[in-house]
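Chains as they are written, first to last, in my numbering: chain B, 340 to 929; chain W, 19 to 176.
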């Protein structure tokens with residue numbers, strides 16, 4: 340608050356002083372004009388002298404009358420003296436003199452004396468010595484009147500003079516006081532003038548210092564600084580901007596930025612600049628600047644600010660900073676982050692597959708019993724039936740038949756052994772402990788062996804084998820797994836086909852894969868069941884009343900996939916066809 | 019002091035030839051530093067000078083009056099005066115010293131007519147020194163007012 344009171348008091352004092360100065364000056368001038376006017380008016384009146392002269396003239400006439408009575412002077416002299424007296428009376432009756440007489444109250448006396456003048460004139464004209472006494476008696480009141488009038492006028496004039504002097508004194512006194520006041524006001528003005536001169540000089544010095552300092556700051560700043568006036572022309576171009584842009588200040592000053600360098604002609608920069616001239620602040624990051632000297636662009640951070648004077652916008656100021664290093668660091672950060680993300684995704688995938696393997700292993704073990712009961716039943720049944728026949732035949736059996744029957748049982752048992760090994764291997768494989776033991780193998784062998792076993796297990800079922808022999812039926816596979824898959828598919832076909840209908844197994848292929856299709860006559864599987872049947876513990880809608888564990892197709896597909904193969908349901912017009920796909924063996928593959 | 023009887027002086031009219039003036043008409047006597055030492059002019063001689071009329075107010079009358087007479091400087095030049103001061107003396111012996119420069123600075127007139135009427139001895143006549151008071155601010159001053167000699171009868175040049 341005191342900051343605002345201070346200047347107003349400092350301003351009020353000289354203002355009051357000027358006001359007092361002016362008032363006193365006008366007052367004293369007015370007084371002086373009055374004195375001057377008073378000194379002109381009435382200064383000419385000198386009635387005391389007029390009456391004195393008149394008295395002398397009257398006395399001289401009386402004297403001349405006396406001399407004439409004695410005969411010592413003539414009528415001419417008498418006439419002259421009378422004329423002079425008459426002229427005096429005439430003078431007194433004239434304008435100003437008459438008014439004075441009226442003022443002092445002697446006018447009536449003069450009138451009555453003036454009336455006697457005609458009689459005197461007559462006596463003078465026809466003068467005889469014996470008239471002298473009467474003439475003198477007539478003239479004496481005139482002389483006496485003039486003497487008295489001189490006396491009165493002396494007093495009146497002195498009164499007037501005294502009064503006037505008193506007025507002058509008063510007026511002069513007032514003028515003197517006014518002049519003293521004027522001097523004081525002038526003194527105050529002088530002091531305030533010197534004070535404000537001193538102050539303004541100090542402020543000036545401070546401003547220059549600040550200006551020099553600002554100049555130093557701007558020129559030594561590492562940031563590029565450009566100032567633009569309201570006409571859009573460059574008024575400041577510091578050393579840092581010169582080295583960034585490569586254009587010296589002499590070439591930049593007084594020109595529009597867009598004309599100085601193409602960088603400023605970019606639409607973003609132009610827009611930010613015009614917004615700054617309208618009062619908006621803005622910043623742009625990593626603006627590429629292509630210097631003619633270097634191939635790689637500089638990346639600049641550019642800030643735009645309006646410059647204001649009070650409320651008016653007088654221009655804009657632009658700060659530019661070379662942010663190339665920061666830009667490069669940011670780019671590197673982004674790359675690192677991308678790489679890290681990739682790595683994490685990779686690891687996550689690894690972990691996921693490990694987890695999945697872990698889960699399927701656990702599932703395998705969990706379902707081991709089920710598998711055993713399902714997969715092992717067929718070979719056990721084969722061995723059992725061979726041995727039963729042997730027992731039934733007893734002594735009737737010849738040696739060949741015993742050998743044949745025992746051989747069949749042994750085959751079934753050895754198949755069972757392979758199955759156990761393979762299942763355990765598969766379990767280990769699921770647990771990530773063992774890979775499939777893949778090798779080149781002739782699929783026809785496996786097919787014929789499996790079909791033979793199936794015929795043994797279910798002799799009443801006709802099985803037809805179609806082998807396409809145009810190409811080598813060699814697959815890259817684990818034969819134990821493949822045997823198990825085909826056995827599964829075949830036993831399924833047998834299980835679900837109506838009694839007596841044909842089950843066919845055919846082998847064909849293309850350039851890359853071999854296909855083993857197992858076909859049987861059956862009602863088609865509904866579309867919504869077609870994928871479900873491959874899931875663990877799922878059975879098709881048509882499986883009602885048929886013994887099963889719901890693991891066969893799941894196992895078949897899992898085993899096929901383990902060796903880059905696949906088990907799929909093929910579209911078929913008449914019945915159901917499952918296809919085992921296995922890669923052909925190509926030399927060089929491991 | 020002056021008595022008509024004493025003024026036994028011949029008036030030489032400088033420009034109309036010398037002629038004896040009528041004693042009763044002698045109205046101005048000039049003495050001192052002039053070519054002829056002493057000259058007395060009668061009414062006709064004065065009237066023969068070039069006329070000048072000025073209009074002015076006076077301090078002893080009201081209003082503005084016209085005064086007709088002879089310019090003082092004309093008079094002094096014709097008399098070939100070499101002095102610097104003129105002592106003007108009235109019939110009642112009132113005497114004032116007037117610097118001759120006055121007559122060159124201002125059109126000072128020795129008037130014998132006021133408002134067309136001849137000045138008489140029982141008023142301010144026969145001659146009255148009149149300054150052009152209204153034409154010059156400087157003349158409105160008591161130090162000039164006392165130089166207005168009326169009933170003038172003699173000029174003494176020093």
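Positions of the beta carbon are idealized from the N, C-alpha and C atoms, including for glycine.
Everything numeric in this text was worked out from a predicted model, so none of it was measured.
Restricting attention to B:780, B:807, B:599 and B:793, the CA atom closest to the CA of residue 754 (chain B) is found in B:793. When rounded, the separation of the alpha-carbon atoms in residue 424 (chain B) and residue 400 (chain B) is 8 Å.
Under the Cβ criterion of 7 Å, residue 433 (chain B) is counted among the residues facing chain W.
The continuous beta strand (DSSP E) containing residue 644 (chain B) extends over residues 637 to 648. Straight-line spacing of the CA atoms in residue 405 (chain B) and residue 415 (chain B) works out to 14 Å. Just measuring C-alpha positions, the residue of B:807, B:678, B:613 and B:874 sitting nearest residue 845 (chain B) is B:807. For residue 630 (chain B) against residue 601 (chain B), the beta-carbon gap comes to about 11 Å, at or over 8 Å, which does not count as contact. Ranked by Cα distance from residue 859 (chain B), the first of B:550, B:874, B:853 and B:834 is B:834. In this structure residue 364 (chain B) touches residue 521 (chain B) by the C-beta definition: roughly 6 Å separates them, less than 8 Å. Straight through space, the alpha carbons of residue 610 (chain B) and residue 569 (chain B) are spaced by roughly 15 Å. Cβ neighbours of residue 91 (chain W) within its own chain (closer than 7 Å, five residues either side excluded): 121 and 122.
Counting the other Cβ atoms within 10 Å of the Cβ of residue 817 (chain B) gives 16 or more, which makes it buried. For residue 737 (chain B), the three-state secondary structure derived from DSSP is coil.
Residues 353, 356, 357 and 360 of the same chain have their beta carbon placed closer than 8 Å to that of residue 528 (chain B), with the five preceding and five following residues left out of the count. In the assembly as shown, residue 463 (chain B) is a buried residue. Its beta-carbon has 16 or more other beta-carbons within 10 Å. Per DSSP, reduced to three states, the secondary structure at residue 96 (chain W) is helical. In its chain, beyond the 5 residues on either side, 804, 825, 844, 846 and 855 have a beta carbon closer than 7 Å to the beta carbon of residue 786 (chain B). One finds 426 and 429 in chain B with Cβ atoms closer than 7 Å to the Cβ of residue 141 (chain W), taken in chain order. In this structure residue 822 (chain B) touches residue 788 (chain B) by the C-beta definition: roughly 7 Å separates them, less than 8 Å.
Here the C-alpha atom of residue 862 (chain B) lies approximately 34 Å from the C-alpha atom of residue 780 (chain B). Taking residue 869 (chain B) as the centre and dropping the five residues before and after it, the same chain places the C-beta of 908 closer than 7 Å to its C-beta, in chain order. Contact check for residue 852 (chain B) and residue 921 (chain B): beta-carbon distance about 7 Å, within the 8 Å limit, so the pair qualifies. The C-beta of residue 748 (chain B) has 16 or more other C-beta atoms within 10 Å across all chains shown, which makes the residue buried. Counting C-beta pairs closer than 8 Å gives fewer than three between the region 105 to 120 of chain W and the region 71 to 86 of chain W, which falls short of the contact rule. Distance check between residue 419 (chain B) and each of W:138, W:132 and W:129 places W:138 closest, using alpha-carbon atoms only. Residue W:80 holds the alpha-carbon nearest to the alpha-carbon of residue 433 (chain B) among W:46, W:57 and W:80. According to the DSSP secondary-structure assignment, residue 626 (chain B) is paired through a beta bridge with B:639. By the neighbour-count criterion, in which 16 or more other beta carbons inside 10 Å mark a residue as buried, residue 563 (chain B) falls on the buried side. Proximity of chain W to residue 411 (chain B) at the Cβ level (cut-off 8 Å) is not reached, the minimal Cβ distance being about 12 Å. As far as DSSP is concerned, residue 790 (chain B) takes part in no beta bridge. Of the other Cβ atoms in all chains shown, fewer than 16 fall within 10 Å of the Cβ of residue 598 (chain B); this residue is therefore exposed. Residue 550 (chain B) carries a helical assignment under DSSP once its states are collapsed to helix, strand and coil. Under the three-pair Cβ rule at 8 Å, the region 158 to 174 of chain W counts as touching the region 111 to 119 of chain W. Judged by DSSP in its simplified three-state form, residue 168 (chain W) adopts strand. In this model, residue 827 (chain B) and residue 892 (chain B) are separated by some 7 Å (Cα to Cα). Look at the region 472 to 485 of chain B: it has no residue with a C-beta under 7 Å from a C-beta of chain W.
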